[in-house]
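Worksheet for the structure shown next.
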Amino acid sequence: MSEKMEMMTQDEQHPVAVRKAPTVTPSVDIYENDDEILLYADMPGVAKDAIAINLENGRLTINGHRKISSDGEAQFEEFGEVEYERAFSVPQGIDINKVKANMDNGVLALHLPKSEAIKPRQIAVQVG
Amino acid sequence: MYPRWNDLDQMFGAMDLLRNRMGRVNRLFTDFDRSWGFSPGWTTANNWPRTNLYDSENHLQFMAAVPGLNKDEINIKIQGNYLEISGTRKAASPEGYAAQRLERGGETFFSRSYTLPVDINIDKVQAKLKDGILTLNLPKSEKAKMKKITIG
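Quick note, the sequences are listed as chains A and B, same order. For the first sequence, our numbering assigns the number 1 to the initial residue and increments by one for each residue that follows. For the second sequence, our numbering assigns the number 129 to the initial residue and increments by one for each residue that follows.
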């Protein structure tokens, strides 16, 4: 078989992979107090409207797309276009309707308020 | 000999997959970490922030990924073809909360410096900060600009 022919058959067997932005996991900090769970995720370069947060069946997923608008020939490039993706299991008792998210300087802040039922409560001992 | 791009693609694909898997397992690689084995500038040990440099005809474009920093927390110094960015990244730790997981790092001082390929016209440098990315537009000095010579 000629080399060209061989190359063609190989092309057919292994179609060229579609190039897409690599998927990376954002670094997160998670804090908790009596009222809520607070999550911070570093997602530099992700615009507010390029982020998707889903909460379903106790699973929280965060997706964000970073676009780079570069100008000129790259001399060095330590970060590029990426797809941020990370999933968490959310404990029961989060009030899904009150989840709030905001984006500030490339950091996502996600507030997951606890429902009243699971908040710790002090029981007063009654005399008598 | 024909280059077999498919083979190369598959190899890089496998490397990407491995990288992602490792990232998921022990979070060694939490960001797009390809610097292709060379270090463009002097840096503090944690290699933060990540930076890019692009060269076009009349200017250079410099980018740094600085999530969580405000514009008054970043210092930029330029002299001739020397560029330095530094600052302190504050710890996010909100009051009254217990930390469950910390990956983003506490308060960190950072400083990176670069020798740019050409001299910069310092008076016309523009800097902006958007979505945690610092972008510097660095016009080349008149001397450094490429000139086209017509043969007379």
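C-beta atoms are modelled at their ideal positions from N, C-alpha and C, and glycine is treated no differently. Computed from a prediction, not measured in an experiment: that's the story for all the values here.
Residues of the region 239–250 of chain B with Cβ closer than 8 Å to any Cβ of chain A, in chain order: Pro-245
My assumption, with CB atoms under 8 Å, is that B/Val-246 sits in contact with B/Lys-268. Please give the rounded CB distance. By 1-based counting over the second sequence, the position of residue 246 of chain B is 118. By 1-based counting over the second sequence, the position of residue 268 of chain B is 140. Between B/Lys-268 and B/Val-246 the Cβ distance is about 5 Å, and since that is below 8 Å, they are a contact.
Counting only beta-carbon atoms, is A/Gly-106 nearer than 8 Å to chain B? Here the question's residue 106 of chain A lines up with position 106 in the first sequence. Closer than 8 Å to some Cβ of chain B, the Cβ of A/Gly-106 qualifies, so yes.
Per DSSP, cross-strand counterpart(s) of A/Leu-60: Taking the first residue of the first sequence as 1, we reach residue 60 of chain A at position 60. A/Leu-55, A/Phe-88.
Quick check on the burial criterion: 16 or more other C-beta atoms within 10 angstroms. Buried or exposed for B/Gln-189? Your numbering for residue 189 of chain B matches position 61 in the second sequence. So B/Gln-189 counts as buried.
Close beta carbons around A/Arg-59, own chain, < 8 Å, minus the five adjacent residues each side: Numbered from its first residue, the first sequence carries residue 59 of chain A at position 59. Contacts found: Ala-87, Phe-88, Ser-89, Val-90.
Mind listing the chain A neighbours of B/Glu-231? Cutoff is C-beta to C-beta under 8 Å, in chain order. One-based indexing of the second sequence puts residue 231 of chain B at position 103. Under the 8 Å cutoff, chain A gives Ser-27, Val-28, Asp-29.
Based on Cα-Cα distance, which residue from B/Thr-263, B/Phe-238, B/Thr-278 lies nearest to B/Asn-175? Locating residue 175 of chain B in the second sequence gives position 47, where the first residue counts as 1. When only C-alpha atoms are compared, the closest one is B/Phe-238.
DSSP three-state label for A/Lys-20, please. Counted from its first residue, the first sequence places residue 20 of chain A at position 20. Reduced to three states, the DSSP call for A/Lys-20 is coil.
Cβ of A/Leu-38 within 8 Å of any chain B Cβ: For the purposes of this step, residue 38 of chain A is identified with residue 38 of the first sequence, where counting begins at 1. Closer than 8 Å: yes.
Nearest candidate by alpha-carbon position, reference A/Lys-114, set A/Val-28, A/Pro-26, A/Glu-32, A/Ile-53: Along the first sequence, read from residue 1 onward, the residue named residue 114 of chain A stands at position 114. Minimum Cα distance to A/Lys-114 is reached at A/Glu-32.
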